[in-house]
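Anchor point for the sequence shown: position 552 equals 552 in this note's numbering, and the numbering is continuous, going up by one each time.
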Amino acid sequence: EASWDEALDLVADRMVEIFRRDGPRAMAAYSCAKATNEDNYLLQKLVRSLFRSNNIDHCTRLCHAASVVALQMAVGSSAMSNAAAEVIHNDVFIVTGSNVTENHPIIALQMKAAVEKYGAKLIVVDPRRIEMVNYATLWLAQKPGTDVPVFSAMAHVLLKEGLIDRDFIAARTENFDEFAASMEKFTPEYAESISGVDKDLIIQAARLYGSAKNAAIYWALGIPEHTHGTANALSLINLALMTGNIGRKGTGLNPLRGQNNVQGASDSGAMPWHYPGYQRVDNEDAALKFEAGWNIEPGGLERNPGLTTTEIMSAVGPGGVRSLYIMGENPMMSEPNLNHTRHKMEELEFLVAQDLFINESGAFADVFLPATSWAEKDGTFTNTDRRVQRVRQAISPRGSARPDWVILTDLARRIEARLGRPNSAFWDYKHPSEVLEEMGRLVPDYAGIRYERLEREGLQTPVVDTEHPGTPFLFSERFPRGKGKFHPLEYTPSAEMPDEDYPLILTTGRVLEHWHGGSITRHSWMDDLFPEALVEINPADAARLGIAHGQAVRVTSRRGSVVLRANATTKAVSGVVFIPFHFHEAAANLLTNDALDPQAKIPEYKVSAVRITPAREEELAKPEARQKRGRY
């Protein structure tokens with residue numbers, strides 16, 4: 001136990017010592033999609049301005065990184081193009097890779113209303129029989145990892161039947177002919193042979209989407225979390241561009257963010273390749289702009305992109321990353337191939353964890369800094385609709401906990417003093433509103449956002465000045481990159497396919513009752529609603545393997561094994577099993593593959609080859625092991 005002064009002095013001393021000895025490459029930080037825009041902005045500013053490193057990333061690398069890369073490539077923006085509430089204006093909408101009723105339940109209510117009250121037609125493309133299938137006109141149950149063939153076959157049908165918007169293509173897009181030529185091979189028959197989806201369903205889905213006046217696509221982590229996640233997202237973007245279903249109300253490309261501030265953390269620059277506002281670190285004009293804004297000598301900021309979360313962990317060791325600062329993340333639950341992650345956490349020379357609780361990652365920390373929850377501080381979040389909203393302190397901080405932005409500014413001043421650069425980057429903030437205003441001076445999309453403008457309702461970015469009303473939907477006249485760009489595609493199988501030894505495909509995700517790594521919900525009474533890990537398995541597969549519903553089973557991949565109970569359910573299709581990733585006693589990410597998408601550097605969480613065998617009841621983690629984590 002230590003005082004705040006003792007703890008922060010130790011952190012500053014050790015980080016500066018490592019920086020002086022090994023340089024910027026030794027420094028790294030994980031930012032947090034549950035923290036505010038101001039918190040995330042300050043942590044990336046600390047790492048970049050004080051340690052001259054771009055080794056800063058957050059959970060978007062583990063969720064929507066491929067969506068971000070694909071959207072940047074195709075349209076020059078990386079956020080939802082339309083508000084989720086616009087689903088009631090859709091004639092047809094596609095939901096793919098998203099169990100919305102459990103992951104985005106409020107948006108799911110709006111989708112149900114669109115179908116039941118407003119007559120919209122829903123197409124679900126998902127390997128699991130999620131609840132939204134009950135509301136769908138069509139359900140395309142593809143094998144995990146075969147999204148490109150399915151959506152490219154839809155594009156093939158649209159081209160062959162002329163269900164495209166030639167005026168939109170001519171006026172607002174480029175590279176169409178090369179794209180169209182690459183779609184020739186993606187016949188519905190070819191897609192069926194790979195994906196298992198009946199070719200007639202693919203044809204029906206293409207005609208339904210292509211004939212709509214207003215059509216939209218909504219997706220979540222089932223699309224990007226693949227070694228070909230960028231191609232998956234591009235296959236969706238191609239559909240919207242070729243039909244002109246973008247740039248209008250009730251249309252659009254809508255990646256649904258998985259945590260409350262994934263969009264805001266990304267906007268705030270908590271990524272290794274971009275400053276705040278997606279301004280690339282290797283762009284000289286952008287670097288000079290941030291050097292001026294942060295009072296840094298010209299040439300002082302690092303021009304080379306930094307390491308992603310998974311790359312940071314892999315780089316731990318002599319000559320690589322030696323110091324890691326974790327704010328609100330839990331890599332010991334969220335990283336793939338957790339046995340490898342555990343080894344790397346043990347190799348770190350100095351680890352700081354800043355969080356509400358000492359979680360699985362905080363257990364490795366040299367220093368733990370107790371931070372407040374969102375209800376104990378002020379700030380802003382930017383939600384999946386690009387809507388910036390106020391966070392207001394509702395209760396006093398518990399114990400000695402401090403808001404993240406206060407911890408970071410206090411630490412930054414200590415680091416500056418030790419580096420001989422007092423107040424070099426302006427750390428004298430009195431309130432988080434000053435942090436947001438600074439960010440607005442450097443990020444055009446946030447230029448007009450002020451706390452006083454957010455008192456009654458949020459503002460949707462871009463907000464280009466203090467008179468601007470916000471932007472409900474994007475791209476009405478042009479794309480940020482000028483013209484939307486079509487991208488030819490090829491089908492690349494997943495990195496690991498089922499075989500005789502590992503005959504089943506494991507996919508992972510969330511359940512309604514829990515929140516990601518469980519650091520918060522498993523400290524609450526929500527844990528009693530869904531208290532233990534279950535593996536969903538199709539009843540036919542269970543019968544073939546001699547497994548009864550509720551039986552203890554062992555799930556094994558090439559990287560590890562976990563023991564949990566079987567849930568025999570038709571929600572799982574034959575050949576595919578599902579494990580939620582919230583449970584440390586049966587951590588799904590002990591099994592997952594750390595192979596990466598080469599463009600987005602996102603791991604392949606959605607396809608891992610596994611086998612399932614019976615286990616003994618006594619091998620299950622005991623209930624009391626869960627309760628040791630305490631209650632909030």
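We put the CB at the ideal spot given by N, CA and C, even for glycine.
Residue nearest to residue i in terms of C-alpha spacing, selected from the options
i: A240; options: V563, T556, F475 and R441; result: F475
i: K601; options: K160, A153, I18 and G306; result: G306
i: L208; options: E17, A412, K121 and A315; result: K121
i: M526; options: D499, H582 and I505; result: H582
i: A540; options: A566, S524 and R559; result: A566
i: D597; options: G162, V607, N589 and T96; result: V607
i: G575; options: C59, E490 and P127; result: P127
i: V92; options: I395, T101, V75 and E116; result: E116
i: E184; options: V75, E455, V157 and T570; result: V157
i: A609; options: V555, T569 and A141; result: V555
i: S49; options: P422, L459 and E477; result: P422
i: A84; options: A65, A205, I106 and C63; result: I106
i: N214; options: G328, S182, I88 and P298; result: I88
i: G319; options: P24, W4, V16 and D9; result: P24
i: D57; options: L10, S494, L163 and E335; result: E335
i: F290; options: A180, G440 and A153; result: G440
i: W374; options: A353, S396 and P224; result: S396
i: R510; options: V463, R172 and P580; result: P580
Status (buried if at least 16 other CB within 10 Å, exposed otherwise) for residue i
i: M633; result: Nothing in the structure corresponds to residue 633, since the chain is present only between 1 and 632.
i: L529; result: exposed
i: A170; result: exposed
i: L512; result: exposed
i: K430; result: exposed
i: G448; result: buried
i: D177; result: exposed
i: N339; result: exposed
i: I558; result: In the sequence as displayed, the identity of residue 558 is Arg instead of Ile. Looking at its Cβ environment, which holds fewer than 16 other Cβ atoms inside 10 Å, R558 is exposed.
i: Y446; result: buried
i: Q627; result: Per-residue confidence for Q627 stands at a pLDDT of 44, beneath the threshold of 50, marking its modelled position as unreliable; no derived number is given.
i: S268; result: buried
i: S519; result: buried
i: T492; result: exposed
i: T570; result: exposed
Pairwise C-alpha distance: residue j and residue i
i: T613; j: L356; result: 37 angstroms
i: A595; j: H468; result: 44 angstroms
i: I130; j: E434; result: 44 angstroms
i: S98; j: P480; result: 27 angstroms
i: E311; j: D200; result: 42 angstroms
i: H516; j: L256; result: 15 angstroms
i: A7; j: F368; result: 8 angstroms
i: R14; j: S323; result: 9 angstroms
i: R20; j: T230; result: 38 angstroms
i: R522; j: I358; result: 13 angstroms
i: L605; j: E452; result: A small fix is needed here, since residue 605 is Tyr in this sequence, not Leu. Whole-angstrom Cα-Cα distance: 41 angstroms.
i: E624; j: A572; result: Only weak support is given to the placement of E624: the predicted model assigns it a pLDDT of 44, under 50, and the value that follows is read from those uncertain coordinates. One C-alpha to the other measures close to 30 angstroms.
i: L620; j: L590; result: 16 angstroms
i: G76; j: K45; result: 24 angstroms
i: A2; j: Y118; result: 59 angstroms
i: A371; j: E490; result: 46 angstroms
i: L159; j: G250; result: 23 angstroms
i: T471; j: Q259; result: 22 angstroms
i: M313; j: A29; result: 11 angstroms
i: T60; j: M27; result: 20 angstroms
i: E617; j: S361; result: 28 angstroms
i: Q72; j: P272; result: 15 angstroms
i: G560; j: D501; result: 14 angstroms
i: E329; j: H487; result: 34 angstroms
i: A66; j: G222; result: 11 angstroms
i: E532; j: A552; result: 12 angstroms
Minimum Cβ-Cβ distance from residue i to chain C less than 8 angstroms
i: V100; result: Absent here is chain C; the protein component of the structure consists of one chain.
Practice task
Would you be able to state if there are at least three C-beta pairs under 8 angstroms between the segment 233-253 and the segment 146-160?
Solution key: yes
Problem - Stretch pair the segment 74-92 + the segment 248-264: three plus CB contacts closer than 8 angstroms - result: yes
Problem - Inter-stretch contact (C-beta, 8 angstroms, three-pair minimum) for the segment 217-224 and the segment 131-138 - result: no
Handout entry: At least 3 beta-carbon pairs within less than 8 angstroms: the segment 294-310 vs the segment 270-283
Key = yes
Handout entry: Ranges of the beta strand (DSSP E) found wholly within the segment 234-286, counting only runs of at least 3
Key = 252-255
Handout entry: Start-end ranges of the alpha helix (DSSP H) lying completely within the segment 33-102, minimum 4 residues
Key = 37-45 and 65-74
Practice task
Count the C-beta pairs between the segment 372-385 and the segment 37-46 that are closer than 8 angstroms, then say yes if the count reaches three, no if not.
Solution key: yes
Practice task
Check whether the segment 543-550 touches the segment 383-392, taking contact to mean three or more Cβ pairs, one atom from each stretch, closer than 8 angstroms.
Solution key: no
Practice task
Kindly provide the ranges of any beta strand (DSSP E) runs that are 3 or more residues long and lie completely inside the segment 496-576, ordered along the chain.
Solution key: 504-509, 534-537, 552-556 and 561-568
Practice task
Note down, one range per segment and in chain order, each alpha helix (DSSP H) of at least 4 residues found wholly within the segment 367-408.
Solution key: none
Problem - Residue ranges of each beta strand (DSSP E) within the segment 118-165, 3 or longer - result: 121-125 and 138-140
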